[in-house]
Amino acid sequence: NRKKFQITSPVVFDRLMAVALANCHKEFHHHLFGGASKDADSSDDDDEGEGDKSVSDEAPDENKPLHPKTLEKSPHFAALRPLIESFLKSTLHLLDEAGKEAKLLQFTLQALAKYVPYLTVYPRIVKPLLKTS
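With the numbering used here applied, the sequence shown corresponds to residues 217 to 349, in that order.
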């Protein structure tokens, strides 16, 4: 009973891709490590009274590459791993298709920079990505 969705409008597809590329990294980080990123987390929740919180329990900086073991420690990584991999493969496919359109290629590469920390877990995607770029 799965419903299939088909996007027939190029305008809707373009907007959907732009929103996904611009925002999915935030959602991946949120669901893997809970809460806001390190940059936005500094003012709202002060957990200084906990004292026994180790550095490894904190959410990693989303601007630095993630060690695969850091991702594997996340309780939601098993569920998110295929989604992130599919997203990265689809983005790689988009890069292949965007080769002729300079603005699309530029936008995609700029947006993809936010996903670099997740690439450490998917070495088979990195090589084709480097060839495409």
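Cβ atoms here follow ideal geometry from the backbone N, Cα and C, with glycine treated the same way. Since we're looking at a predicted model, the values are computed, not measured.
F221 in three-state terms, based on DSSP: coil
Starting from N292, trace the alpha helix (DSSP H) in both directions and tell me its first and last residue. Looking at the sequence itself, residue 292 is His, so the reference to Asn does not match. Run containing H292: none; DSSP gives neither H nor E here.
How would you call H241, buried or exposed, if buried means at least 16 neighbouring beta carbons within 10 angstroms? Burial call: buried.
Starting from T324, trace the alpha helix (DSSP H) both ways and give me its first and last residue. For T324, the enclosing alpha helix (DSSP H) stretches over residues 318 to 328.
Which residues in the same chain as F293 place their Cβ atom closer than 7 Å to its Cβ, once the five residues preceding and following it in sequence are excluded? L248, L287
What's the call for V227, buried or exposed, on a 16-neighbour Cβ count within 10 Å? exposed
Span of the alpha helix (DSSP H) holding P344? 339 to 348
In this structure, how does DSSP classify G315 when only helix, strand and coil are distinguished? G315 sits in a helix when the DSSP states are folded into three classes.
Return the first residue and the last residue of the alpha helix (DSSP H) that V332 is part of. Element bounds for V332: n/a, residue is neither H nor E.
When you compare only the Cα positions, how much space is there between K219 and G315? Here the alpha carbons of G315 and K219 stand approximately 32 Å from one another.
When you compare each of T336, A236, K305, K343 to K280 by their alpha carbons, which one comes out closest? T336
Residue from L320, Y338, P284, D312 with nearest C-alpha to R231: L320
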